[in-house]
Structures are given as structure tokens and as C-alpha cells.
Amino acid sequence: MQKCEKCGENTSNGYDCEHTKFEEYCKECYTELHYYITEKKDNE
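Below, the structure written as C-alpha cells:
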């Protein structure tokens with residue numbers, strides 16, 4: 003089982019991309035990160 007690099011929770015599905023610096027994030031942290039990125043772009 004993988005561990006989320008942000009919150010430390012064990013996760014069965016890890017997600018990574020250039021925004022997480024290719025570290026494994028759980029679904030909740032990954033979604034929260036991309037929501038923040040999307041909102042930030044929309045407000046500029």
C-alpha cells in the first residue's frame with residue numbers, strides 16, 4: 003500500500019503528476035491540489 007506524501011495516509015490508489023513533483027498523493031489531496039490550481043487560474 004502506498005502512502006500519501008502530503009497527509010501521510012495509506013492509499014490504495016496513488017496519483018502523481020508534475021504538480022506533485024511526481025510524489026504519490028491520495029485522491030483527496032490530489033483533488034484538492036488541482037482544485038486550488040484551477041481556482042487560482044480562474045481568478046487571475
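If you count by the working numbering, then the sequence shown holds residues 3 to 46, one letter each, in order. Note that the Cβ used here is the ideal one computed from N, Cα and C, for glycine as well.
| said: Please classify Y27 as buried or exposed, where buried requires at least 16 other C-beta atoms within 10 Å of its C-beta. | reply: Within the sequence shown, the letter at position 25 stands for residue 27. By the beta-carbon neighbour count (other beta carbons within 10 angstroms, threshold 16), Y27 is buried.
| said: Taking only three categories from DSSP, how would you classify K23? | reply: Residue numbering aside, residue 23 sits at position 21 when the sequence shown is read from its first letter. Correct three-state label for K23: coil.
| request: Taking C31 as part of the alpha helix (DSSP H), name the residues at either end of that continuous run. | output: Looking up residue 31 in the sequence shown gives position 29. Where C31 is concerned, the enclosing alpha helix (DSSP H) stretches over 29 to 44.
| request: Please classify N12: does DSSP put it in a helix, a strand, or coil? | output: Along the sequence shown, one-based indexing puts residue 12 at 10. If DSSP states are grouped into helix, strand and coil, N12 belongs with the strands.
| request: Report buried or exposed for C9, applying the criterion of at least 16 other Cβ atoms within 10 angstroms of its Cβ. | output: Here residue 9 is taken as the residue at index 7 of the sequence shown, counted from 1. Per the 10 Å Cβ criterion, exposed.
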